[in-house]
Amino acid sequence: MMKDLVNPTNFNVLVGKLGDVLTRALDLPLGYAINWGRIWSLWPVHLETACCSVEFGAASGPRYDDERFGIIEAFGSLRQCDLVVVQGTVTRKMAPRLRMVYDQMPDPKYVIAMGACAITGGLYIDSYNVLPGIDGIIPVDVYVPGCPPRPETLIQGCMLLQEKIKRSKIR
């Protein structure tokens, strides 16, 4: 009888179940803390090719102050950024560079398409060299419509992204 209790397979079951319990117990609070840090410290890099960059600058100014929403404007390099905001038209020549910027960012990475040109090609959609949006190049998390979108709309888009991050699992 004692020999059955000391059987190594019993220990494996106990350790396996204990591992599951610990994973479940730590996953929720740890995941919440990590996502909380990601929500309130978005480091954007903005790829600007048109007039939307003026509105991005206005959102960063003292009137709207997007830093109070966790969008940190100062960054060192692409390897530190986790959010790319694409503003303006993306041409066929620009597409590989946009993909390169996206690939250089660490995971998890998020994308905001800002303005009609980045979303659908905008006024220049009939041009031979303009792509119909950035969806075919990189995955987009949030679309911010307008031509150009107002700073409030950009801030609302960033808040939608924060909600998406809050609902996501840790990667």
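Going by this note's numbering, the sequence shown opens with residue 312, and the numbers climb by one from there.
Ideal Cβ placement from N, Cα and C applies to all residues, glycine included.
These figures come from a predicted structure and were not determined experimentally.
Beta-bridge analysis with DSSP links residue 343 to no other residue. Residue 358 is not a Cβ neighbour of residue 422, given a cutoff of 7 Å. For residue 370 against residue 459, the beta-carbon gap comes to about 11 Å, at or over 8 Å, which does not count as contact. For residue 471, the uninterrupted alpha helix (DSSP H) segment begins and ends at 462 to 478. Per the C-alpha coordinates, the member of 473, 426, 418, 393 positioned closest to residue 366 is 426. Residue 444 sits away from residue 466, with the two beta carbons spaced by 7 Å or more.
According to the DSSP assignment, residue 430 belongs to the alpha helix (DSSP H) that extends over 427 to 431. DSSP, read as helix, strand or coil, puts residue 401 in coil. CA-to-CA, the gap between residue 424 and residue 363 works out to about 11 Å. DSSP places residue 423 in the strand class (E or B) of the three-state scheme. C-alpha of residue 415 to C-alpha of residue 409: approximately 10 Å in a straight line.
In this structure, the beta-carbon distance from residue 383 to residue 347 does not fall below 7 Å.
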